[in-house]
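A short worksheet on the structure shown next.
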Amino acid sequence: HFIDILHTDGQNWADRRVVQKPIYRVKPIETKTKDRSACSKVVLKNRGIRKENHGITSVISLPVLVSTKNPKTIAVPLKGSRLYNLTEESSLNILTKYYTTVSQCVSELARKKEN
184 HFIDILHTDG QNWADRRVVQ KPIYRVKPIE TKTKDRSACS KVVLKNRGIR
234 KENHGITSVI SLPVLVSTKN PKTIAVPLKG SRLYNLTEES SLNILTKYYT
284 TVSQCVSELA RKKEN
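Laid out in structure tokens, this is it:
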């Protein structure tokens, strides 16, 4: 019983309402299919053939803080928007997004190298 779980006597609660039909019709969100490779989302240093001694990671650029003394902006080598304000909520997971995308790209490059 909710009253026992919430440790209340239920006084001043609104009366229960019975919903006869759904209030909202929720349409499914259309998601993009993964038709693009992860490497197509990353700014690579060299898109051509790599020398064997440099390895896969030599083509991957790293994120860079615009200022090391007062780091408010970071440059992330992903296609599209590259500069992110670290004080904005929209930049909250940009390094996670970068790491995930680059990890997938490295896997793709390794598979191509094996073949």
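The sequence shown begins at 184 in my numbering and counts up one residue at a time.
Here a beta-carbon is modelled for each residue, glycine too, at the ideal position from N, C-alpha and C.
Our two residues, Lys280 and Lys204, have alpha carbons roughly 40 Å apart in a direct line.
Under the DSSP assignment, Tyr281 falls outside any beta strand (DSSP E), being part of the alpha helix (DSSP H) whose first and last residues are 277-297. Around the C-beta of Thr284, 16 or more other C-beta atoms lie within 10 Å, and the residue is accordingly described as buried. Beta-bridge analysis with DSSP links Thr251 to no other residue. Of the candidates Ile206, Val226, Asn195, Tyr207, Val226 places its Cα closest to the Cα of Cys288.
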